[in-house]
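The block underneath contains the structure these notes are about, expressed in structure tokens.
Residue numbers (my numbering): 268 to 830.
If you want it as structure tokens, here you go:
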């Protein structure tokens, strides 16, 4: 970092290198500041604008005077006041005014009071510029995140409120003085440090409970105001054991650890321009994720979704750090934090998950196993024990979102198709994953035969006997579907309650008691797996029961919904 003088008219030159910055948030902040300076120039802001002197893949040199840094921060924190009407008063805050409105309900009218308050709305000029929209759901989501995460405490919103009052900020002058002192100390081999607030650095507190200050170099702290311009916001959804639909839970920040400023700049500009602005409820549908890890995966996928960019993504970003945060009363809790590095194979598999998986529970299972490098079905027993059976066995009472069994059915059919393509491969070329999929196919067929046979015993009807409609869906009778669901439910609950030897006894005595038409090799493979890996067989059998409990029909049902 260099400074030539301390007078207002003189310039400060900041030289940054990604290799010298301590965290992903600082590196993202450097990228964000470069983009903000660019947006000021392209928006033709009629005030002094900082100068981007040099930009290389690893370094950036930025030059500004005090009026220019004033422009930068006044634009960054710009805001306006809008009026909100409420039916109730805020505690300890008098309204701006009270108005009376006419309310009509059930054909009757009445007068009600409305309490009018001013609300500060951050402008987000740079974000709006890169999204090429004056407003929209992504801007609203960013504002919601600010007021519920980074600036959840009203006392941290002062800079925005000052700008809403059309006042210039004091913050730029403070930075100017500190940067000048930093250069003096630098010449003597030391640094100028200052507290880092949690409003600009996720996970920081200017002073923690032990009164130990969280400090950073002044020139580094400057960057932390800008990482939000390269950080998409996601909304994780959770499904409780008794929920009939997913619920939104807080906000997730996907912060990139930038490794190439020029290349990442191209990718992030394209990312902002290509956002889908359709909404689900009050948030962008694209922002909804079913597991926190999906936020980082989706950001990487969106950055690398074109073939050329898939080759570039590892050069542009080392990793994505995600932080899942939720406001709980007056506090903001961090629910999860992790770091995910780009990997072409992983992103390719995630693309398939995005395309084929509709329900949150199966998607969570698939993503966790993908990131952990495990087989797709591992950990299913935790889901089965943590939720009621009707989440997995299709009934009229199953939750009204993407049905688990429909996803498992799609996955089984997909792996069977892939196996059939590679049937001619010699055993020496078959991978452990291929052999695992072969076992899954065998168990899927065993369970399918069991469900069909027992349903036929109850109804006297075979699934192949039903006529198909013009869309190719069999028109199953109600009694057949109910009988099939009952067979799957009873077997599912019986398996869930058994382990090891008890499960083996049930599988051989009940599931294998019906006629099966499998090659001897398949029977031997299943028998061997039962003895050596009964837990794996149990997982696959219960997944197969879920898949076979659901039948595609002409009528809409939980498995047919894409919500």
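We put the beta carbon where it would ideally sit given N, CA and C, even for glycine.
May I ask you to report which of helix, strand or coil DSSP gives residue 344? In the chain shown, residue 344 corresponds to position 77, counting from 1. It is coil, neither helix nor strand.
State the beta-bridge partners of residue 434 as determined by DSSP. Within the chain shown, residue 434 is the residue found at index 167, counting from 1. Note: residue 434 sits in no beta bridge, so no partner.
Between residue 304 and residue 580, what straight-line distance do the alpha-carbon atoms span, to the nearest angstrom? Counting from one through the chain shown, the residue named residue 304 turns up at place 37. Counting from one through the chain shown, the residue named residue 580 turns up at place 313. Their Cα atoms are separated by approximately 24 Å.
When you compare only the Cα positions, how much space is there between residue 334 and residue 392? As a working note, residue 334 is residue 67 in the chain shown. As a working note, residue 392 is residue 125 in the chain shown. In a straight line, the C-alpha of residue 334 is about 19 Å away from that of residue 392.
CB-CB under 6 Å to residue 793, same chain, minus the five flanking residues each way: which ones, in chain order? Working through the chain shown from its first residue, we reach residue 793 at position 526. Cβ neighbours of residue 793 within its own chain (closer than 6 Å, five residues either side excluded): 709.
Beta-bridge pairing of residue 411 - partner residues as DSSP gives them: Mapped onto the chain shown, residue 411 falls at position 144. According to DSSP, residue 411 bridges with nothing at all.
I'd like the list of long-range same chain contacts for residue 660, defined as Cβ closer than 6 Å, with 5 residues on each side in sequence excluded. In the chain shown, residue 660 corresponds to position 393, counting from 1. A distance below 6 Å between beta-carbons, with the five flanking residues on each side excluded, links residue 660 to the following residues of its chain, in chain order: 755, 756, 759, 816.
Compute the beta-carbon to beta-carbon distance between residue 567 and residue 519, rounded to the nearest angstrom, for a pair I have assumed lies under 8 Å. Along the chain shown, one-based indexing puts residue 567 at 300. Along the chain shown, one-based indexing puts residue 519 at 252. Their Cβ separation, rounded to whole angstroms, is 14 Å, which puts residue 567 and residue 519 out of contact at 8 Å.
Go ahead and pull the three-state DSSP assignment for residue 357. What you label residue 357 is simply residue 90 of the chain shown in a count that begins at 1. Under the three-state reduction of DSSP, residue 357 is assigned to strand.
Residue range of the beta strand (DSSP E) that includes residue 585: Here residue 585 is taken as the residue at index 318 of the chain shown, counted from 1. Its beta strand (DSSP E) spans residues 584-595.
For the segment 692-760, list the beta strand (DSSP E) runs that are entirely contained and at least 3 residues long, ordered along the chain. none
So the candidates are 314, 638, 294; which of them puts its Cα closest to the Cα of residue 326? By 1-based counting over the chain shown, the position of residue 326 is 59. Closest by alpha carbon: 294.
Would a C-beta distance cut-off of 8 Å place residue 707 and residue 807 closer than the cut-off? What you label residue 707 is simply residue 440 of the chain shown in a count that begins at 1. What you label residue 807 is simply residue 540 of the chain shown in a count that begins at 1. It is a contact, given that the beta carbons lie within the stated cut-off.
Do residue 743 and residue 809 have their CB atoms nearer than 8 Å? As a first step, residue 743 is located in the chain shown; it is residue number 476 there, counting from the start. As a first step, residue 809 is located in the chain shown; it is residue number 542 there, counting from the start. Result no, Cβ atoms of residue 743 and residue 809 do not sit closer than 8 Å.
Quick check on residue 483: does DSSP put it in helix, strand or coil? As a first step, residue 483 is located in the chain shown; it is residue number 216 there, counting from the start. Reduced to three states, the DSSP call for residue 483 is strand.
Return the chain-ordered ranges of every alpha helix (DSSP H) run that is complete within the segment 280-338 and spans a minimum of 4 residues. 291-309
Using only the alpha-carbon positions, how far apart do residue 341 and residue 360 sit? Mapped onto the chain shown, residue 341 falls at position 74. Mapped onto the chain shown, residue 360 falls at position 93. Whole-angstrom Cα-Cα distance: 28 Å.
So residue 569 and residue 538 are supposed to be a Cβ contact under 8 Å. How far apart are they, rounded? In the chain shown, counting from the first residue as 1, residue 569 sits at position 302. In the chain shown, counting from the first residue as 1, residue 538 sits at position 271. The pair is a contact, with the Cβ atoms about 6 Å apart (cut-off 8 Å).
Unbroken beta strand (DSSP E) run spanning residue 690, endpoints: For this step, residue 690 is matched to residue 423 along the chain shown. Judged by DSSP secondary structure, residue 690 falls outside any beta strand (DSSP E); it is assigned neither H nor E.
Here's the rule I'm using: 16 or more other beta-carbon atoms within 10 Å means buried, otherwise exposed. How should residue 357 be labelled? Along the chain shown, read from residue 1 onward, the residue named residue 357 stands at position 90. Within a 10 Å sphere around the beta-carbon of residue 357 sit fewer than 16 other beta-carbons, which makes this residue exposed.
Have a look at the DSSP bridge pairing and note the partners of residue 601. Against the chain shown, residue 601 aligns to sequence position 334. 592, per the DSSP bridge assignment.
Proximity winner among 664, 310, 339, 298, relative to residue 321 (alpha-carbon distances): Against the chain shown, residue 321 aligns to sequence position 54. Closest by alpha carbon: 298.
Closer than 6 Å by C-beta to residue 639: which residues in its own chain qualify, once you throw out the five before and the five after it? Chain order, please. By 1-based counting over the chain shown, the position of residue 639 is 372. No residues qualify anywhere along the chain.
Buried or exposed for residue 811, going by 16 or more other Cβ atoms inside 10 Å? Reading the chain shown from its first residue, position 544 is the one you call residue 811. Result: buried.
Own chain, CB closer than 6 Å to residue 735, minus 5 neighbours either side, in chain order: Your numbering for residue 735 matches position 468 in the chain shown. Result list for residue 735: 741, in chain order.
Looking at C-alpha atoms only, which residue of 421, 795, 803 is the closest neighbour of residue 597? One-based indexing of the chain shown puts residue 597 at position 330. Measuring from the Cα of residue 597, the nearest candidate turns out to be 421.
Identity of the residues DSSP links to residue 514 by a beta bridge: Start at 1 with the first residue of the chain shown, and residue 514 comes out as number 247. DSSP, once it has assigned bridges, lists 505 as partnering residue 514.
For residue 763 versus residue 652, is the C-beta spacing smaller than 8 Å? Residue mapping note: residue 763 aligns to position 496 of the chain shown, counting from 1. Residue mapping note: residue 652 aligns to position 385 of the chain shown, counting from 1. Contact: yes.
Round the Cβ separation of residue 459 and residue 449 to the nearest angstrom and send it over; I've been treating them as touching at under 8 Å. Taking the first residue of the chain shown as position 1, residue 459 is located at position 192. Taking the first residue of the chain shown as position 1, residue 449 is located at position 182. Residue 459 to residue 449, Cβ: 4 Å. Contact.
Leaving out five residues on either side along the sequence, give the residues of the same chain with a beta carbon under 6 Å from the beta carbon of residue 339. Within the chain shown, numbered from 1, the residue matching residue 339 stands at position 72. 317.
Is there contact here, the segment 582-590 with the segment 555-566, by at least three beta-carbon pairs under 8 Å? Enough Cβ pairs lie closer than 8 Å, so yes.
Taking C-alpha atoms, which residue in 750, 774, 536 lies nearest to residue 761? On the chain shown, residue 761 is found 494 positions in, with the first residue counted as 1. Selected option, being the one with the closest Cα: 774.
When the distance is taken between beta carbons, is residue 469 closer than 8 Å to residue 482? Looking up residue 482 in the chain shown gives position 215. Looking up residue 469 in the chain shown gives position 202. Contact flag unset, no.
Measure the beta-carbon distance from residue 487 to residue 467 and round it to whole angstroms, keeping in mind my assumption that it falls under 8 Å. As a working note, residue 487 is residue 220 in the chain shown. As a working note, residue 467 is residue 200 in the chain shown. About 11 Å separates the two Cβ atoms, so there is no contact after all.
Just checking my contact of residue 346 with residue 389 at CB under 8 Å: how many whole Å lie between their CB atoms? Taking the chain shown and counting its residues from 1, the one referred to as residue 346 is at position 79. Taking the chain shown and counting its residues from 1, the one referred to as residue 389 is at position 122. The Cβ separation is near 5 Å, so the contact holds.
Return yes when the Cβ of residue 514 is within less than 8 Å of the Cβ of residue 666, no when it is not. For this step, residue 666 is matched to residue 399 along the chain shown. For this step, residue 514 is matched to residue 247 along the chain shown. No; because the gap between Cβ atoms is not below 8 Å, this pair is not in contact.
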